[in-house]
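In my numbering, the protein residues as written are 3 to 276.
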């Protein structure tokens, strides 16, 4: 809790030179074994099914089926050696008018490798037809993807995985901004506020915070009927802010109800309501 209170008490970093130094300070290595969307599609092939991992709003089967109507074999499990972090800005939040750059409340979720092999979090997995995979993955424009083992809920530390799934992880700025051609739109969103542009270079001291409308949406989805308590608790206790120390539960307890009372604009109520 103290980390968050310190961040909250510090004044906004409006000085562009300071922001530019901060934003360029963190060099982030590529995730080993990560693939682009087209590489995943090529590996899966045109026939059959692919198992997709959801770790935010897709923890709810209802949410998963609204996103992917043909999703099947919905199940929950754990990933190990990864952490779930509100650690990067998503352009879609700016495009939809729900980003709050003045308070750095612009962060979306990602999974990243953890130094602690025993760490992890509860995920959902579901199957989609391979024919639907390109559209599903390509809208995740800022991510790369990894295939990771999924361990059964309630299994001990030595229990083997019972399946694998495809999970979003970070790409690199070079990949997202240059190879995928997204630099202009990220510059338009970020430069006026931060004086520099990075998707994946926000460090632990950046003061980046969850986009409140999106964060509320994920919390509500994790608490829907049918979602086991273990999954709901994992979302609060095994999701970290950009500082990689403050849990989402600690953040929500310290924010005076701010996130959970930040409603989406009327035209986005159906999209961001759990």
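Built from N, CA and C at the ideal position, the CB exists for glycine as well.
Euclidean distance between Cα positions of residue 203 and residue 54
26 angstroms
Alpha-carbon spacing of residue 67 relative to residue 73, whole angstroms
6 angstroms
Taking the beta carbon of residue 274 as the centre, do at least 16 other beta carbons fall within 10 Å, making it buried, or is it exposed?
buried
Could you check whether residue 199 and residue 208 sit closer than 8 angstroms to each other, using their CB atoms as the reference points?
no
Using 8 angstroms as the Cβ pair cut-off and three pairs as the minimum, do the region 104-114 and the region 38-45 touch?
no
Top-ranked residue by Cα proximity to residue 164, from 271, 127, 196 and 185
127
Locate the alpha helix (DSSP H) running through residue 78, then write down its first and last residues.
Here residue 78 belongs to no alpha helix (DSSP H); instead the beta strand (DSSP E) covers 74-82.
How is residue 229 classed by DSSP in three states: helix, strand or coil?
coil
Are the CB atoms of residue 172 and residue 30 within a distance shorter than 8 angstroms?
yes
Report buried or exposed for residue 266, applying the criterion of at least 16 other Cβ atoms within 10 angstroms of its Cβ.
buried
How is residue 129 classed by DSSP in three states: helix, strand or coil?
strand
Through-space distance from residue 140 to residue 236, alpha-carbon basis:
27 angstroms
Please return the same chain residues whose Cβ sits closer than 7 angstroms to the Cβ of residue 215, not counting the five positions on each side in sequence.
100, 264, 266 and 274
Is the region 225-233 in contact with the region 58-67, if contact means three or more CB pairs nearer than 8 angstroms?
yes
If contacts are defined as beta-carbon pairs under 8 angstroms, then residue 108 and residue 220 qualify, I think. What distance do you get, rounded to the angstrom?
Going by Cβ atoms, the distance from residue 108 to residue 220 rounds to 15 angstroms, so no, they are not a contact pair.
Between the beta-carbon of residue 52 and the beta-carbon of residue 168, is there less than 8 angstroms?
yes
Measuring alpha carbon to alpha carbon, tell me which of 189, 143 and 78 ends up nearest residue 157.
78
Whole angstroms is fine: what's the gap from residue 184's alpha carbon to residue 106's?
20 angstroms
Quick one: Cα of residue 56 to Cα of residue 69, how far?
11 angstroms
Taking 8 angstroms as the threshold (beta carbon to beta carbon), is residue 191 in contact with chain B?
No chain B appears in the structure shown, which is made up of a single protein chain.
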